[in-house]
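Peer 1: Before anything else, here's the structure in question.
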Amino acid sequence: MIEQTRKARKGSPRPEVSADGWLAGARVCRSPNRDARPDADDISLLVIHNISLPPGRFGGPYIDQLFSNTLDPAAHPYFATIHALRVSSHLLIARDGRVTQYVPFGERAWHAGVSVYEGRERCNDFSIGIELEGTDDKPFTAKQYAQLARVTRSLLRAYPRLSAARIAGHSDIAPGRKTDPGPHFDWRRYRSSL
Ligand SMILES: [Zn+2]
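According to the working numbering, the residues represented by the sequence shown are 38 to 231, in order.
Right, here's the structure in full:
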């Protein structure tokens, strides 16, 4: 009831999700690094990541380029080590809170890699990946938390198999291999905002 009221309220700033899996209001930068989910109806996990390119530097076109397979290996020494990766996420939330979508939610983005959640492998099959622009050693911004809360609430409404309990960090589903979103990501703040 409360949700319906909120949804119907005029001028609500909350983004919503289209039937074909695009978040209203997000900038779109389509990634070729995507394919079909084995079960298109099974969207039941949210995975939180962090990324910055080069590591620790914010802004710039490099995340878009990485997810578009156009990163110039000569532009930075680190890029030479990653430019051939074929990766993507569904969403990126930049330091200023702006959202970019690379893959529609109904398709599989390539963000989790080798992973397991509650005994089930290949988390890309059934998850939505959200990248926060950041690093393991710096706090995220208030605008990022606010936007992440808005986006998460929209996704929880759009995909009933998701729930507040089914949200994990990349480090939770790929322990020993991945460390993001890192110790500065405030899970309590995030969860209490949902
Ligand atoms: Zn990650």
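In this text, a Cβ means the ideal position worked out from N, Cα and C, and glycines have one as well.
#1: Given this structure, state the Cα-to-Cα distance separating Asp101 from Cys66, to the nearest angstrom.
#2: Over what stretch of residues does the alpha helix (DSSP H) that includes Ile119 continue unbroken?
#3: Under the criterion of a Cβ to heavy atom distance below 8 Å, does Asp217 qualify as lining ligand 1?
#4: Let me check understanding here. Comparing Cα to Cα, which of Arg187, Thr172, Phe163 lies closest to Val2?
#5: Report back the beta-carbon spacing between His86 and Pro218 to the nearest angstrom; my notes put them in contact at under 8 Å.
#6: Runs of 3 residues minimum, wholly inside the region 108-170: which ones carry the beta strand (DSSP E) assignment?
#7: State the Cα-Cα distance for the pair Ser191 and Ala111, rounded to the nearest angstrom.
#8: Could you tell me if the beta carbon of Ile100 falls within a distance shorter than 8 Å of some heavy atom in ligand 1?
#9: DSSP puts Arg71 in a beta bridge; with which residues?
#10: Secondary structure at Arg64, three-state DSSP: helix, strand or coil?
#11: Just to confirm the assignment, what range does the beta strand (DSSP E) spanning Leu83 have?
#12: Give the DSSP-derived three-state secondary structure of Ala205 in the structure shown.
#13: Which one or two residues does DSSP pair with Val54 in a beta bridge?
#14: Tell me whether the beta-carbon of Ser126 lies closer than 9 Å to the beta-carbon of Tyr139.
#15: If you follow the alpha helix (DSSP H) that Asp101 is part of, which residue opens it and which one closes it?
#16: Enumerate in chain order the residues of its own chain whose CB-to-CB distance from Ile204 is below 6 Å, with the five nearest sequence positions on each side excluded.
#17: To the nearest angstrom, how far is the alpha carbon of His221 from that of Asp57?
#18: Count the other CB atoms within 10 Å of the CB of Lys215; is the residue buried (16 or more) or exposed (fewer)?
#19: Tell me which residue opens and which closes the alpha helix (DSSP H) that Ser191 is part of.
Peer 2: In terms of the structure at hand:
#1: 7 Å
#2: 116-119
#3: yes
#4: Residue 2 lies beyond the range of the chain shown here (38 to 231); nothing can be said about it.
#5: 6 Å
#6: 128-130, 136-138, 144-146, 164-170
#7: 39 Å
#8: no
#9: Ala146
#10: strand
#11: 82-88
#12: strand
#13: Leu60
#14: yes
#15: 99-104
#16: Leu83
#17: 34 Å
#18: buried
#19: 179-195
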